[in-house]
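**Student:**
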Amino acid sequence: MDTLAAATDTRVAELALPSYGFSPARTLRMINLSENATFLVEDPGTDRTAILRVHRVGYHSRTDIESELAWLAALREESGVATSAEIPNLRGERVTTVVDGGQERHCVLFHLVPGIEPDDVALGTSDFETLGAITARMHEHARSWTPPAGFHRFRWDWEHSLGAQPRWGRWQDGIGVGPAEEEALGAAAAIVEERLASYGTAADRFGLVHADLRLANLLVEGDLVTVIDFDDCGLSWFMYDFGTAVSFIEHDPRLPQWQEAWLRGYRSVVDLSAEHEAMLPTFVMLRRLLLVAWLGSHAHSRECQELGPGYTAGTVELAHRYVASGGATLT
13 MDTLAAATDT
23 RVAELALPSY
33 GFSPARTLRM
43 INLSENATFL
53 VEDPGTDRTA
63 ILRVHRVGYH
73 SRTDIESELA
83 WLAALREESG
93 VATSAEIPNL
103 RGERVTTVVD
113 GGQERHCVLF
123 HLVPGIEPDD
133 VALGTSDFET
143 LGAITARMHE
153 HARSWTPPAG
163 FHRFRWDWEH
173 SLGAQPRWGR
183 WQDGIGVGPA
193 EEEALGAAAA
203 IVEERLASYG
213 TAADRFGLVH
223 ADLRLANLLV
233 EGDLVTVIDF
243 DDCGLSWFMY
253 DFGTAVSFIE
263 HDPRLPQWQE
273 AWLRGYRSVV
283 DLSAEHEAML
293 PTFVMLRRLL
303 LVAWLGSHAH
313 SRECQELGPG
323 YTAGTVELAH
333 RYVASGGATL
343 T
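Just so you know, this note's numbering puts the end of the sequence shown at 343, numbered straight through with nothing missing.
(1) Within 10 Å of its beta-carbon, does residue 111 have 16 or more other beta-carbons around it, so buried, or fewer, so exposed?
(2) Find out if the Cβ-Cβ distance for the pair residue 197, residue 218 is shorter than 8 angstroms.
(3) Quick one: which unbroken beta strand (DSSP E) runs of 3-plus residues sit fully inside the region 15-62? Chain order, please.
(4) Residue 277 lies in the alpha helix (DSSP H); which residues open and close that run?
(5) Which of the three DSSP states, helix, strand or coil, is assigned to residue 262?
(6) Along the beta strand (DSSP E) that carries residue 93, what are the first and last residues, could you check?
(7) Between which two residues does the beta strand (DSSP E) carrying residue 249 extend?
(8) Report the three-state DSSP secondary structure of residue 105 (helix, strand or coil).
(9) According to the neighbour-count rule (16 or more other Cβ atoms, all chains shown, within 10 Å of its Cβ), is residue 236 buried or exposed?
(10) Cutting at 8 angstroms between CB atoms, please list the residues of its own chain near residue 12, excluding the five before and the five after it.
(11) Would residue 88 and residue 82 qualify as a contact pair, given that the criterion is a beta-carbon distance under 8 angstroms?
(12) Excluding five sequence neighbours on each side, which residues of the same chain lie with their C-beta closer than 7 angstroms to the C-beta of residue 127?
(13) Please go through the same chain and pick out, in chain order, the residues whose beta-carbon is closer than 7 angstroms to the beta-carbon of residue 149, but skip the five residues on each side of it.
(14) Tell me whether the region 169-182 and the region 199-217 touch, counting them as touching only if at least three CB pairs, one residue from each stretch, are closer than 8 angstroms.
(15) Is it the case that the Cβ atoms of residue 175 and residue 324 are separated by a distance below 8 angstroms?
(16) Report the rounded CA-to-CA distance for residue 45 versus residue 333, giving the unit in angstroms.
(17) Are three or more beta carbon pairs between the region 55-66 and the region 198-205 nearer than 8 angstroms?
(18) Nearest to residue 35 by alpha carbon, out of 276, 209, 335 and 54?
(19) Nearest to residue 240 by CA position, among 107, 97 and 322, is which residue?
(20) My understanding is that residue 259 touches residue 226, with C-beta atoms under 8 angstroms, so please give their C-beta distance in whole angstroms.
(21) Check the DSSP bridge columns for residue 128 and list the partner residues they point to.
(22) Taking residue 190 as the reference, give the member of 303, 328 and 56 with the closest Cα.
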């Protein structure tokens with residue numbers, strides 16, 4: 013963990029907490045430091061427990077965060093998808109902005125959601141079938157929803173993923189990317205770009221997506237499944253959400269079974285043509301290359317420390333298969 017970043021984010025959290033009316037007995041504990049810092053707030057004085065998200069500097073504007081929260085609320089109210097709900101501050105604001113060292117920092121307090129994430133060791137087809145159905149409901153909602161005035165979220169198109177303005181940095185700067193790796197991954201990226209350009213961005217395939225809709229971002233308690241962590245939600249291809257569903261496990265030999273289960277769940281809600289299904293390997297490859305870039309620019313993250321250069325080596329293996337098939341498969 014980046015101890016300096018952790019200390020700074022903890023200081024920001026301490027500045028934000030008075031806006032929510034916690035008692036002097038409250039405690040604050042960091043539970044994750046990745047794109048943002050996430051804290052567990054426990055207050056025996058008011059019998060309140062909540063999650064505080066401290067946004068990283070420069071990733072989202074206040075308008076972006078307000079827009080995310082607007083979609084979360086609309087999903088809860090209109091689609092039947094359970095999402096985490098924010099807790100307004102004492103001024104009735106959904107986002108609390110504090111100044112630390114001359115910089116504005118944005119924070120959001122969420123109700124604590126019951127449940128645990130699915131076991132990433134014992135992943136089964138039923139997990140992906142559930143995820144596919146939830147994803148389809150979210151896509152249906154996104155296609156029909158009219159966002160409020162001023163709504164703004166960033167784009168996960170080619171230019172902002174692997175193109176000229178990569179949001180997570182260049183995959184060429186990933187951990188363990190040397191000349192041989194760059195050649196293999198570059199060949200795969202070229203096919204991804206070509207296939208995406210041919211596929212296009214018509215309204216039936218491109219719109220508002222979660223953009224990190226993996227099982228780790230589901231909390232399950234009994235029959236209740238809650239979708240969390242919409243921090244990366246934005247405009248992208250709907251089928252990109254499958255690429256994110258298998259983040260960090262794209263090389264697993266069970267991928268074909270997981271894909272079939274995800275499709276089965278998706279089609280239990282809405283039809284999906286063969287044209288869209290055929291693009292799934294491309295979105296898995298797109299996501300994998302994005303994560304190589306992300307790991308290269310997020311050395312402080314738990315994922316980076318756990319995966320290291322081995323993730324790039326695995327990506328090269330996938331790239332060879334993808335290129336050999338002309339972008340048709342990863343197996």
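All residues carry an ideal CB built from backbone N, CA and C; glycine is no exception. Note that the structure is predicted; figures quoted are calculated from it, not measured.
**Tutor:** Walking through what the data contain:
(1) exposed
(2) no
(3) 39-45 and 49-55
(4) 267-279
(5) coil
(6) Element bounds for residue 93: n/a, residue is neither H nor E.
(7) 246-249
(8) coil
(9) exposed
(10) Past the boundaries of the shown model lies residue 12; the chain is included only from 13 to 343, so the question cannot be answered.
(11) no
(12) 231, 232, 233, 236 and 238
(13) 91, 92, 93 and 281
(14) yes
(15) no
(16) 34 angstroms
(17) no
(18) 54
(19) 97
(20) 5 angstroms
(21) 232
(22) 328
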